[in-house]
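Using UniProt numbering, read the sequence shown as starting at 1 and increasing by one per residue.
Backbone N, C-alpha and C fix where the C-beta goes; we use that ideal spot for every residue, glycine too.
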Amino acid sequence: MGVLERFSMQGKKVVVTGGAQGIGRAGAEAMAEAGAEVGIFDLNLEIAEKTAKEIEEAYGHKAKAYRCDVTDEDAVIATFAAFVADFGTLDGVFNNAGICIHKNAEEVSKAEWCKVLDVNLNGIFVVAREAARLFLKEGKKGSIVNTASMSGTIVNVPQRQASYNASKAAVAHLTKSLAVEWAEKGIRVNCISPGYIYTELVEKLDPGLRKTWLDMIPVHRMGTPDELACGILYLMSDASTYTTGTDLIMDGGFTSI
Ligand code: NDP
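Right under this line is the structure:
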């Protein structure tokens with residue numbers, strides 16, 4: 001198989017959680033451009049449907065939106081069942097939905113702490129487990145790519161986000177744990193760790209904070225979702241068949257200093 005051919009997703013059916021916008025959308029677009037059919041699982045059905053329609057029109061491959069809260073185990077199970085009924089099978093999951101709360105640790109309630117861990121860690125686990133169950137049922141060599149963050153490696157400043165940092169460090173180690181556990185079954189599990197990426201999540205934050213970050217990033221700019229998409233495509237496709245348990249950091253050099 002040629003090198004470029006390995007990046008092809010032709011005929012593959014994939015799910016992207018949190019795929020309505022931002023990094024999830026960029027991953028969904030990259031895989032559709034490479035030939036995949038895509039299911040978008042997101043809290044926000046209205047935006048997810050718009051995104052699915054735009055992807056289908058742009059790349060000519062089936063795309064469908066589903067409302068799914070990744071913290072609701074029953075909903076995750078039911079939505080994967082609906083996806084398989086619609087698409088026939090599952091080849092891969094970009095397990096990406098995540099949230100962040102900026103607050104001093106001493107002011108964070110247990111409910112806030114649990115909310116972040118529930119989406120960013122428990123949600124990632126339940127989605128990965130459901131995907132693996134489907135791969136195992138069909139004896140399929142599926143690929144799972146989790147979204148961690150550079151915040152799992154370093155502690156961001158000046159914002160306070162202990163729950164987020166802890167959740168993302170856990171995602172990176174969960175990724176390695178699942179990769180080892182499922183390696184002999186042919187299921188690959190990797191994660192990406194983006195640095196500061198300009199998405200809707202970041203748009204909601206204080207502009208002063210963004211300026212501080214630009215001074216700290218070695219390349220002095222934020223990344224764009226489509227810059228991450230190439231890494232996502234690499235890990236989701238057969239370009240990375242010997243890669244599992246990897247954390248691909250894409251951060252403009254931030255964690256190197
Ligand atoms: P966005 O907020 O732009 O997009 C995230 C999407 O996930 C939204 O559509 C959101 O819906 C959805 N979502 C949130 N909670 C759930 C849930 N419980 N179930 C299903 N869908 C949900 O975020 P980004 O694209 O910026 O981030 C995507 C991932 O990348 C996250 O895991 C984030 O932590 C990570 N990341 C982002 C970085 C950045 O700089 N942007 C840096 C490093 C990592 P709604 O809008 O309705 O909440």
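Check	Outcome
Leaving out five residues on either side along the sequence, give the residues of the same chain with a beta carbon under 7 angstroms from the beta carbon of Gly-98.	Gly-18, Val-119, Asn-120 and Thr-147
Compute every distance between the C-beta of Leu-43 and the non-hydrogen atoms of ligand 1, then say whether any falls below 7 angstroms.	yes
What does DSSP give as the partner residues of Ile-23 in its beta bridges?	Its beta-bridge partners do not exist; DSSP assigns none.
Quick one: does the C-beta of Leu-248 sit closer than 7 angstroms to a heavy atom of ligand 1?	no
Here's the rule I'm using: 16 or more other beta-carbon atoms within 10 Å means buried, otherwise exposed. How should Glu-130 be labelled?	buried
Closer than 8 angstroms is the cut-off here; do at least three beta carbon pairs connect the stretch 179-188 with the stretch 135-150?	yes
Quick check on the burial criterion: 16 or more other C-beta atoms within 10 angstroms. Buried or exposed for Thr-244?	buried
Would you give the residue range spanned by the beta strand (DSSP E) that Tyr-66 belongs to?	63-67
Whole alpha helix (DSSP H) runs in the stretch 110-192 with 4 or more residues, listed along the chain?	110-117, 124-138 and 162-182
Below 7 angstroms, is the gap between the Cβ of Ser-149 and the nearest heavy atom of ligand 1?	yes
With respect to the beta strand (DSSP E) encompassing Lys-204, which residues constitute its N-terminal and C-terminal limits?	Neither: Lys-204 is in no beta strand (DSSP E) and is coded neither H nor E.
Taking Asn-96 and Gly-24 to be in contact with their CB atoms under 8 angstroms, please state how far apart those CB atoms are, rounded to whole angstroms.	4 angstroms
Does at least one heavy atom of ligand 1 sit under 7 angstroms from the Cβ of Ile-197?	yes
Just to confirm, does Asp-69 get its C-beta within under 7 angstroms of one of the non-hydrogen atoms of ligand 1?	yes
Buried or exposed: Ile-257, going by 16 or more other Cβ atoms within 10 Å of its Cβ?	exposed
Taking the straight line between their C-alpha atoms, what separation do you get for Leu-235 and Gly-195?	17 angstroms
Using only the heavy atoms of ligand 1, determine whether one of them is closer than 7 angstroms to the beta carbon of Gly-123.	yes
On the criterion of 16 or more Cβ atoms from any shown chain inside 10 Å, does Pro-207 qualify as buried, or is it exposed?	exposed
I need the DSSP call for Pro-225, collapsed to helix, strand or coil.	helix
What's the gap between the Cα of Val-93 and the Cα of Leu-43?	17 angstroms
Kindly list the residues whose CB is nearer than 6 angstroms to the CB of Phe-80, restricted to its own chain and excluding five residues on each side of it in sequence; keep chain order.	Glu-130
Report yes if the CB atom of Gly-27 is closer than 8 angstroms to the CB atom of Val-16, and no otherwise.	yes
If I follow the unbroken beta strand (DSSP E) through Glu-106, where does it start and stop?	Premise fails: Glu-106 is in no beta strand (DSSP E) and is neither H nor E.
In terms of residues, what are the limits of the beta strand (DSSP E) holding Leu-248?	247-250
In angstroms, rounded to a whole number, what distance separates the CA positions of Ile-124 and Val-219?	30 angstroms
Tell me whether Ala-97, by its Cβ, gets closer than 7 angstroms to a heavy atom of ligand 1.	yes
Please say whether Gly-39 and Ser-8 have beta carbons closer to each other than 8 angstroms?	no
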